[in-house]
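S.K.:
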Amino acid sequence: MTEEKSLNFIEEIIEEDLRTNKHGGRVLTRFPPEPNGYLHIGHAKSICLNFGLAKKYNGKTNLRFDDTNPVTEDVEYVDSIKNDIKWLGFEWDKELYTSDYFQKLYDFAVILIKKGLAYVDESSAEEIAAAKGTPTEAGKPTSARSRSVEDNLRLFEEMRAGRYQDGEMVLRAKIDLANPNMHLRDPLLYRIKHAHHHRTGNEWCIYPMYDFAHGQSDSIEEITHSVCTLEFIPHRDLYNWLIENIGIYESKQYEFARLNMTYTVMSKRRLLQLVNEKLVDGWDDPRMPTISGLRRRGYTAASIRNFCDRIGVAKRENMIDFGLLEFCIREDLNKTAWRRMAVLDPVKLIITNYPEGKEEILIGENNPEVEGGEGEREIPFSRELWIERDDFMEDAPKKFFRLGPDKQVRLKNAYIIQCDDFKKDSDGKVTEIHCSYIPNSKSGEDTSGLKVKGTIHWVSALHAKTAEVRLYDRLFQVENPVLEEDFKSTLNPDSLTIINAYIEPDLANAIVGRGYQFIRLGYFTLDKLTSSDKLIFNRTVGLRDNWAKETNK
RNA sequence: UGCCCGAUAGUAUAAUGGUAGUACAUCUGAUUUUGGUUCAGAUAGUCUAGGUUCGAACCCUGGUCGGGCAACCA
Numbered sequence: 004m005t006e007e008k009s010l011n012f013i014e015e016i017i018e019e020d021l022r023t024n025k026h027g028g029r030v031l032t033r034f035p036p037e038p039n040g041y042l043h044i045g046h047a048k049s050i051c052l053n054f055g056l057a058k059k060y061n062g063k064t065n066l067r068f069d070d071t072n073p074v075t076e077d078v079e080y081v082d083s084i085k086n087d088i089k090w091l092g093f094e095w096d097k098e099l100y101t102s103d104y105f106q107k108l109y110d111f112a113v114i115l116i117k118k119g120l121a122y123v124d125e126s127s128a129e130e131i132a133a134a135k136g137t138p139t140e141a142g143k144p145t146s147a148r149s150r151s152v153e154d155n156l157r158l159f160e161e162m163r164a165g166r167y168q169d170g171e172m173v174l175r176a177k178i179d180l181a182n183p184n185m186h187l188r189d190p191l192l193y194r195i196k197h198a199h200h201h202r203t204g205n206e207w208c209i210y211p212m213y214d215f216a217h218g219q220s221d222s223i224e225e226i227t228h229s230v231c232t233l234e235f236i237p238h239r240d241l242y243n244w245l246i247e248n249i250g251i252y253e254s255k256q257y258e259f260a261r262l263n264m265t266y267t268v269m270s271k272r273r274l275l276q277l278v279n280e281k282l283v284d285g286w287d288d289p290r291m292p293t294i295s296g297l298r299r300r301g302y303t304a305a306s307i308r309n310f311c312d313r314i315g316v317a318k319r320e321n322m323i324d325f326g327l328l329e330f331c332i333r334e335d336l337n338k339t340a341w342r343r344m345a346v347l348d349p350v351k352l353i354i355t356n357y358p359e360g361k362e363e364i365l366i367g368e369n370n371p372e373v374e375g376g377e378g379e380r381e382i383p384f385s386r387e388l389w390i391e392r393d394d395f396m397e398d399a400p401k402k403f404f405r406l407g408p409d410k411q412v413r414l415k416n417a418y419i420i421q422c423d424d425f426k427k428d429s430d431g432k433v434t435e436i437h438c439s440y441i442p443n444s445k446s447g448e449d450t451s452g453l454k455v456k457g458t459i460h461w462v463s464a465l466h467a468k469t470a471e472v473r474l475y476d477r478l479f480q481v482e483n484p485v486l487e488e489d490f491k492s493t494l495n496p497d498s499l500t501i502i503n504a505y506i507e508p509d510l511a512n513a514i515v516g517r518g519y520q521f522i523r524l525g526y527f528t529l530d531k532l533t534s535s536d537k538l539i540f541n542r543t544v545g546l547r548d549n550w551a552k553e554t555n556k
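Per our numbering, the first sequence runs over residues 4 to 556.
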């Protein structure tokens, strides 16, 4: 008997609806992206919620593209969105498009006009905005508000027929110009756009506003629980007004707080700016909070799903520590990533008592977290090695468990060595470290009886291969960039560092899409730009580093 | 100064009128051929003032603070 996880407020609503048989036991949600950008981690929260709800309550989820604005939308985005959802591990029931409903929506508009609840207004955008008043001041009608039903019908038909230019007139709902909810002050329903639509081509020159499409689309599909983010709360009254006056299925909307994360931005508009201004290398730049960026960075779908599970669902504004996402990917990769050795900042180490020309093949487990280690790989060893520069200190503090004059460490999967000497150049930079090894201390057959505190990673200089390694840091320097006058001014100039590293030979067999732990360094994955003559690794995330914490005290 | 939403450890999120818990973060200690992992422990919270009640994080009222709303965007 496991302890039951507490319900979020939407699950509570659904369970209550199920209890009262409100929808005949039916649960149908939908995920409604606009195809005008790539999905980001905030969308992942919504995807996990909508698809997760359906899965949990034996329901279904539709994928519906909200494609009511042909000017900003594109099939490239449609394809990327479908790909990302599948990659995250979810399956939609129906693939739908708001544009499928253009005729229905047009008919709904006609119904409203005939009921005297909608009118064509030829006022300019500025005039209409001015006539809406302010939150504390009622709006005033434009002269168009009193137009006859017959004239409205005729004008709306003419709008559709292409008699008018973009912006010449709009269709508005006739609701209440004094309503404290600004969205009810005769909102726009249709506007003229002589634009090519990625699905309907040139069939239409008028397009419904989002507000005239979204709620009714939910209604057409008979969505039982329409889940969206907080900023649509004031729109709900309008959707309900439309549904009631058109007389269609009552779909109910519930709102939750969108995801915000530290040191990044979470709006398609801003992410698009970064892409367009070439401040990042496209939507899938590994520094981007997009699903495709995280995937390229080495994040797994499971880690993102776990993250979304952990952050919860509520109505209060929130700012999630980016460190939580990092915890989730470390948790996943620790269990699955194969261990390999690589040296990012090399210094030469010579084992003076190891015969010149001698080579040995040592064995290393692929994954110590799993019984049996998931097999093993061969690691060549020889007299000259590369080790990490900061694994050696001439004047080390007491608790430094690595190399230094007269100190002993174990070489991972190899021998214990003792530092005898080292060389420096004229700038005082260490150029060479001389050690002697303890022959009977070999990993797995150690009879030396020696105990050493530290183990360091290494790569045989003779056998090492090289790779480009891309080290990523947070994209922004401040926790919440949008608080700045210009969010781009806080971009972190050091968010990407490209270095060349020595890697153990087996890493040449690395596979795109797999995570590797470079021992003591972090998790890495092959970048899509890798070619046959050049390996490129992205650092997904570093290992937790308590030593760094200690030294920063 | 209109309307709407919200407020529980540093960050999130539970407790739905009856012992304020969990995760991340932080700090101790143990284990460790990764200063990783794992394990054990610690620190730390109900915005405020009233009211209802035997009893309030929870219900009511006022206040404070935060967020949203006046695109031919979604």
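Glycine is no exception: its CB is placed at the ideal position from the N, C-alpha and C atoms. Predicted, not measured: the structure shown is a model, and the values here were computed from it.
Residue ranges of each alpha helix (DSSP H) run of no fewer than 4 residues wholly in the region 101-181, ordered along the chain?
M.R.: List check, alpha helix (DSSP H) in window: 105-117, 128-134, 152-164.
S.K.: Give the C-beta separation of Ile-294 and Ala-57 to the nearest angstrom, bearing in mind that I take them to be a contact with Cβ-Cβ under 8 angstroms.
M.R.: Ile-294 to Ala-57, Cβ: 19 angstroms. No contact.
S.K.: Counting C-beta neighbours from all protein chains within 10 Å, is the total for Thr-5 16 or more, i.e. buried, or is it exposed?
M.R.: Confidence in Thr-5 is poor, its pLDDT being 41 and thus under 50, which makes the residue's placement unreliable; the coordinate value appears in the next sentence. With fewer than 16 other Cβ atoms within 10 Å, it is exposed.
S.K.: Could you say if the region 516-526 and the region 539-548 meet the contact criterion of at least three C-beta pairs nearer than 8 angstroms?
M.R.: Because the criterion of three Cβ pairs below 8 angstroms is met, the region 516-526 and the region 539-548 touch.
S.K.: Rounded to whole angstroms, what is the Cα-Cα separation between Ala-317 and Glu-488?
M.R.: Those two C-alpha atoms are separated by around 29 angstroms.
S.K.: Have a look at Thr-458, Asn-416, Gly-360 and flag the residue whose alpha-carbon is nearest the alpha-carbon of Leu-406.
M.R.: Considering only alpha carbons, the answer is Thr-458.
S.K.: Using 8 angstroms as the cut-off, can you tell me whether the region 246-263 makes contact with the region 279-290, which would need three or more C-beta pairs spanning the two stretches below that distance?
M.R.: No, because fewer than three Cβ pairs between the region 246-263 and the region 279-290 fall closer than 8 angstroms, the two stretches do not touch.
S.K.: Please give the ranges of any alpha helix (DSSP H) in the region 264-292, keeping only runs that are unbroken, at least 4 residues long and fully inside the region.
M.R.: 271-279, all fully within the region 264-292.
S.K.: Taking the alpha carbon of Ala-399 as the point to measure from, which residue in Asp-430, Asp-449, Thr-554 has its own alpha carbon closest?
M.R.: For Ala-399, the nearest C-alpha among the options comes from Thr-554.
S.K.: Got a sec, what are the start and stop residues for the beta strand (DSSP E) Pro-349 sits in?
M.R.: First-last of the beta strand (DSSP E) with Pro-349: 349-354.
S.K.: Cα separation between Leu-510 and Asp-70?
M.R.: Taking the straight line joining both Cα atoms gives about 45 angstroms.
S.K.: Answer with buried or exposed for Tyr-252, where buried requires no fewer than 16 other C-beta atoms within 10 angstroms of its C-beta.
M.R.: Exposed, because fewer than 16 other Cβ atoms sit within 10 Å of the Cβ of Tyr-252.
S.K.: Lys-531 by DSSP, collapsed to three states: which one?
M.R.: Residue state, collapsed to three classes: coil.
S.K.: Exposed or buried, which one is Asp-409 when buried takes at least 16 other CB atoms within 10 Å?
M.R.: Result: exposed.
S.K.: Looking at the structure shown, is Arg-405 part of a helix, part of a strand, or coil, going by DSSP?
M.R.: Coil.
S.K.: Mapping the DSSP letters down to three states, classify Cys-311 as helix, strand or coil.
M.R.: Cys-311: helix per DSSP, three-state reduction.
S.K.: Are at least three pairs of beta-carbons, each pair with one atom in the region 142-156 and one in the region 114-124, less than 8 angstroms apart?
M.R.: Flag = yes, the region 142-156 and the region 114-124 touch.
S.K.: What did DSSP end up calling Lys-361 once you bin it into helix, strand or coil?
M.R.: Here Lys-361 sits in coil by DSSP.
S.K.: Relative to the C-alpha of Thr-500, which residue among Lys-135, Ile-114, Arg-477, Ala-345 is closest?
M.R.: Nearest of Lys-135, Ile-114, Arg-477, Ala-345 to Thr-500, Cα basis: Arg-477.
S.K.: Taking only the alpha-carbon atoms, compute the straight-line gap between Thr-533 and Gly-516 and give it to the nearest angstrom.
M.R.: For Thr-533 and Gly-516, the distance between alpha carbons rounds to 12 angstroms.
S.K.: Between the region 438-447 and the region 343-358, are three or more C-beta pairs nearer than 8 angstroms?
M.R.: They touch, by the three-pair rule.
S.K.: When DSSP builds the beta bridges, which residues end up paired with Thr-469?
M.R.: Tyr-505.
S.K.: Going by Cα to Cα distance, which pick from Phe-425, Asn-512, Val-455, Ile-539 is closest to Arg-473?
M.R.: Selected option, being the one with the closest Cα: Ile-539.
S.K.: Measure how close the beta-carbons of His-530 and Arg-299 come, nearest whole angstrom, since I'm counting them as under 8 angstroms.
M.R.: According to the sequence displayed, residue 530 carries Asp and not His. Correct: roughly 7 angstroms between the Cβ atoms.
S.K.: Could you tell me the boundaries of the beta strand (DSSP E) in which Leu-192 lies?
M.R.: 191-195 is the span of the beta strand (DSSP E), which, as asked, contains Leu-192.
S.K.: Around the Cβ of His-199, are there at least 16 other Cβ atoms within 10 angstroms (buried) or fewer (exposed)?
M.R.: Its Cβ having fewer than 16 others within 10 Å, His-199 is exposed.
S.K.: Can you list, in chain order, the residues of its chain whose CB lies under 8 angstroms from that of Pro-237, leaving out five sequence neighbours each side?
M.R.: The answer, listed in chain order, is Asn-184, Met-185, His-186.
S.K.: Could you spell out where the alpha helix (DSSP H) holding Tyr-210 opens and where it closes?
M.R.: From DSSP, Tyr-210 is part of no alpha helix (DSSP H) but of the beta strand (DSSP E) over 209-211.
S.K.: How should Ala-132 be labelled, buried or exposed, when 16 other C-beta atoms within 10 angstroms of its C-beta is the threshold for buried?
M.R.: Exposed, because fewer than 16 other Cβ atoms sit within 10 Å of the Cβ of Ala-132.
S.K.: Along the beta strand (DSSP E) that carries Val-412, what are the first and last residues, could you check?
M.R.: That run of the beta strand (DSSP E) goes 411-414.
S.K.: Please state the DSSP three-state secondary structure of Ile-50.
M.R.: Here Ile-50 sits in helix by DSSP.
S.K.: Report back the beta-carbon spacing between Ile-382 and Asn-416 to the nearest angstrom; my notes put them in contact at under 8 angstroms.
M.R.: Yes, Ile-382 and Asn-416 are in contact; Cβ-Cβ is about 6 angstroms, under 8 angstroms.
S.K.: Leaving out the 5 sequence neighbours to the left and right, which residues in its chain are closer than 7 angstroms to Pro-38 when beta-carbon positions are compared?
M.R.: Same-chain partners within the cutoff: Phe-68, Asp-70, Glu-76, Asp-77, Tyr-80, Val-81, Ile-84.
S.K.: Quick one, which of Asn-155, Met-269, Asp-536 has its alpha-carbon nearest Asn-321's?
M.R.: Cα-wise, what sits closest to Asn-321 is Met-269.
S.K.: Verify whether the separation of the beta carbon atoms of Ala-340 and Tyr-519 is less than 7 angstroms.
M.R.: Yes; because the gap between Cβ atoms is below 7 angstroms, this pair is in contact.
S.K.: In angstroms, rounded to a whole number, what distance separates the CA positions of Val-247 and Leu-486?
M.R.: As written in the sequence, residue 247 is Glu, which differs from the Val given in the question. The straight-line gap from Cα to Cα measures roughly 40 angstroms.
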